[in-house]
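Following: one structure in structure tokens, then a few remarks.
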Amino acid sequence: MTERLSGHTLMLALIATPIRHSLSPKMYNETYAKLGLDLAYLAFEVGQEELPDAVKAIRALGIVGGNVSMPNKQAIVPYMDELSSAAKMIGAVNTFVNKDGYLIGHNTDGVGAVRALEAEDIDVKNQVITLAGIGGAGTAIAVQLGLEGAKEVRIFNIKDRAFDAAASIVDTINTETQTKVTLEDLSDTENFYKSIGESSIYIDATGIGMKPFEDMKLINDPAVIRPDLVILDVVYSPAETQLLKFARENGCQKVFNGLSMMLYQGAAAFKLHTGEDMPVDYIRELLFEK
Ligand code: NAD
Numbered sequence: 001m002t003e004r005l006s007g008h009t010l011m012l013a014l015i016a017t018p019i020r021h022s023l024s025p026k027m028y029n030e031t032y033a034k035l036g037l038d039l040a041y042l043a044f045e046v047g048q049e050e051l052p053d054a055v056k057a058i059r060a061l062g063i064v065g066g067n068v069s070m071p072n073k074q075a076i077v078p079y080m081d082e083l084s085s086a087a088k089m090i091g092a093v094n095t096f097v098n099k100d101g102y103l104i105g106h107n108t109d110g111v112g113a114v115r116a117l118e119a120e121d122i123d124v125k126n127q128v129i130t131l132a133g134i135g136g137a138g139t140a141i142a143v144q145l146g147l148e149g150a151k152e153v154r155i156f157n158i159k160d161r162a163f164d165a166a167a168s169i170v171d172t173i174n175t176e177t178q179t180k181v182t183l184e185d186l187s188d189t190e191n192f193y194k195s196i197g198e199s200s201i202y203i204d205a206t207g208i209g210m211k212p213f214e215d216m217k218l219i220n221d222p223a224v225i226r227p228d229l230v231i232l233d234v235v236y237s238p239a240e241t242q243l244l245k246f247a248r249e250n251g252c253q254k255v256f257n258g259l260s261m262m263l264y265q266g267a268a269a270f271k272l273h274t275g276e277d278m279p280v281d282y283i284r285e286l287l288f289e290k
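Residue numbering for the sequence shown follows full-length UniProt numbering, beginning at 1 and increasing consecutively.
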């Protein structure tokens, strides 16, 4: 690392809290080293109180870009000079680029999910997709499915704050894309299962399957699992959630966890930052398969 750094090295920053557990600095710094890019990526503990000063610092120090995570994804939106169409529709930024003090906000979370499916030769265009969960991840995925030409996105959520907040995002996607989006109550299990039966892809964006919900899954009837159903669970720790285990045991062959989604959202951010392609398989092996 020290061999790489010089007076010319440019910096990128991740601003969030808590952030010390993040894999992003390792993922990006390893990639800069691999591709010989004179860049360095650091994580900074920044909450909403520190956010205004952090944005000033980005401009003052010429930090060329970076990423934003909780609790700043929505809070940073007013500080951006421009937003990508996905970031505008989602109302949240996870990636920024600093062009000589002009800050452009992007959101690559949904792109990550779509590219992860594409890498498995699964195209979302013209597909009917059932999506459980319309929180942060679910919203980004729903918007990207709209931008990528899915035929229908049937969103199911429990009747909580996320459900209430989702009406406007559903309207936005219905208005601004060709995709038909609906929002229904996840507790109507019969309707939920029927929708999956009519879908080619099922995406679980609730986080059920991860701590503290590691013993739970939203599909509990083996009849819902078909061999040709594509299932993407956004959780990647554990690598096999109860849903994925149940689906595999019942003959589903196209079953994916959220690791590729995470890597591809990183790759999309990397492309925005550097103009180059991140070697996703190299990073996957380095970070997760050693
Ligand atoms: P969030 O809190 O914004 O949303 C959680 C969603 O789950 C909401 O829709 C909520 O209504 C729903 N939910 C909560 N409790 C539920 C329950 N008991 N039953 C059914 N639904 C319930 O969280 P988020 O930021 O959207 O993250 C969700 C998951 O996605 C987390 O596990 C997170 O780690 C994962 N994630 C993965 C990636 C990736 O790249 N793989 C990216 C972002 C988030």
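Glycine included, each C-beta is placed from N, C-alpha and C at the ideal position.
Residue i: CB within 6 Å of a non-hydrogen atom of the ligand NAD
i	result
residue 160	yes
residue 130	no
residue 169	no
residue 137	yes
residue 266	no
residue 91	no
residue 110	no
residue 181	no
residue 262	yes
residue 370	In the structure as shown, the chain begins at 1 and stops at 290. Residue 370 is therefore absent and cannot be evaluated.
residue 191	no
residue 80	no
residue 27	no
residue 157	yes
residue 101	no
residue 278	no
residue 219	no
Cα-Cα separation, residue i to residue j
i	j	result
residue 83	residue 94	11 Å
residue 106	residue 265	11 Å
residue 119	residue 33	24 Å
residue 87	residue 168	15 Å
residue 190	residue 163	19 Å
residue 215	residue 241	8 Å
residue 69	residue 142	19 Å
Heavy atom of the ligand MG within 6 Å of residue i beta-carbon
i	result
residue 207	In the structure shown, the ligand MG is absent; the only ligands present are the ligand NAD.
Residue i classed as buried or exposed, judged by whether at least 16 other C-beta atoms fall within 10 angstroms
i	result
residue 136	buried
residue 195	buried
residue 9	exposed
residue 98	buried
CB contact below 7 Å: residue i versus chain E
i	result
residue 230	You won't find chain E in this structure, because it holds only one protein chain.
One or two residues paired with residue i in a DSSP bridge
i	result
residue 154	130 and 182
residue 105	83 and 96
Are the region 100-120 and the region 62-82 touching by the rule of at least three beta carbon pairs closer than 8 Å? yes
Cβ pair count under 8 Å reaching 3, the region 235-254 against the region 17-27: Result no; under three Cβ-Cβ pairs closer than 8 Å.
Closer than 8 Å is the cut-off here; do at least three beta carbon pairs connect the region 132-150 with the region 245-257? no
Three or more C-beta pairs below 8 Å linking the region 208-218 and the region 174-184: no
With contact counted as at least three CB pairs below 8 Å, one residue from each stretch, are the region 151-167 and the region 222-231 in contact? Touching, no.
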